[in-house]
Structure formats: structure tokens, C-alpha cells
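Below is one structure; the comments refer to it alone.
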Amino acid sequence: MTRFVSSLVLCCFCWLAIAPTPALASPSADSVNVSADLSEAIDDFLSSIPADYYKAGDTQALKQVIRRDNPLIVDVREPSEYAGGHIPQAINIPLRSLSRNLDQIPKNRPVILYCSSGYRTAIGLTSLQLLGYDNVKSFPPSVAGWKAAGEPVEPQ
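Okay, so the sequence shown: first residue is -18 according to the working numbering, each after it adds one.
In C-alpha cells form, the structure reads like this:
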């Protein structure tokens, strides 16, 4: 009986070794065209963005926007960072809770986002733009640039 089982197993291995294997699917022409079309669309979009589309500029530019347009200023840092000092009139909506607080972000008034370095601001700006907010800009100097310019900060 053992010899029979051993022979059966050996036959199975031999059959698997000589059996035809299916060819791996290669990308279809359609998927390659979609990839090229998508790449071209993204390139067209990114190259057509005006230079000042996404940012409020330096500290003086932000102060001018505040006087002229009365924007909502949103600090996307964590509450403990916000409590340590923030741009006057800024509200705190941490980046990780931004999508749960859209009711606080108007679509009919300019909105300026900032953080401590610009990283979270960029994520927040992109997220809001993808959600249909075309009135949002970032403040690249962030709170550090605001302080470096000698501007006052408010504790919470």
C-alpha cells in the first residue's frame, strides 16, 4: 500500500511538472491608453494652476488678505500646539478631524489654512479642494513665519 501511495504522489508531481501553465495576462491596450490619458490630464491640470492659486503668500500678504477679505483662518495643528500660540482670530480644527468639521468651513468666504511647517496645511488644502472648496489657500510661512515677522500670537 505504501508503494502505491508513493507511486501515486510521484505521478502527480510528474504530471504537474509537464502540465501546461496559463500565460500571465499582459496589460491591455485600453489600460495603457487610460494611464497615458490620466497622466496627460494630471499634467495639464498641474501646469495650468496660477502661481498664487494655493497660497496667501508672506506675512504682509496675509495681513492684507485679513483686512480686505475677512477670511476664516484655520489652524490645523493639534489643540496643544494651538494653545501654545496661534495667529489672532484663528480657529483650531486639527487636520485629522478636518473632514468631520466641514460645517465650520464656509464655501462662500475665503479660508486660510496654516500649521507649524506647511506639511499639514498642504494635506488640508488638497483635501478641501478635492471636496469642492475653491476658496481655500495656505499660508506657507505658517505660525513660525508669523512669529518670525514679529507678529503677535494669541494663547487660547
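For each residue, glycine too, the CB sits at the ideal point set by N, CA and C.
Compute the Euclidean distance between the alpha carbons of residue i and residue j, then round it to the nearest angstrom.
i           : j           : result
residue 116 : residue 125 : 24 Å
residue 68  : residue 58  : 12 Å
residue 41  : residue 118 : 15 Å
residue 96  : residue 131 : 17 Å
residue 136 : residue 62  : 10 Å
residue 104 : residue 81  : 15 Å
residue 38  : residue 129 : 15 Å
What residue range is occupied by the uninterrupted beta strand (DSSP E) comprising residue i?
i           : result
residue 115 : Premise fails: residue 115 is in no beta strand (DSSP E) and is neither H nor E.
residue 56  : 53 to 56
Could you please give the first and the last residue of the uninterrupted alpha helix (DSSP H) stretch that includes residue i?
i           : result
residue 126 : 123 to 129
residue 60  : 60 to 64
Apply the 10 Å Cβ neighbour rule to residue i and answer buried if 16 or more other Cβ atoms are within range, or exposed otherwise.
i           : result
residue 219 : Residue 219 lies beyond the residue range present for the chain, which begins at -18 and ends at 137; the question has no answer from this structure.
message = Any contact between the stretch 87 to 101 and the stretch 36 to 52? By contact I mean 3 or more CB pairs, one from each, below 8 Å.
response = With a cut-off of 8 Å on Cβ pairs, the stretch 87 to 101 is in contact with the stretch 36 to 52, counting three or more such pairs.
key: Contiguous beta strand (DSSP E) assignments of at least 3 residues, all confined to the stretch 83 to 109   = Counting only runs of 3 or more, we get 92 to 95.
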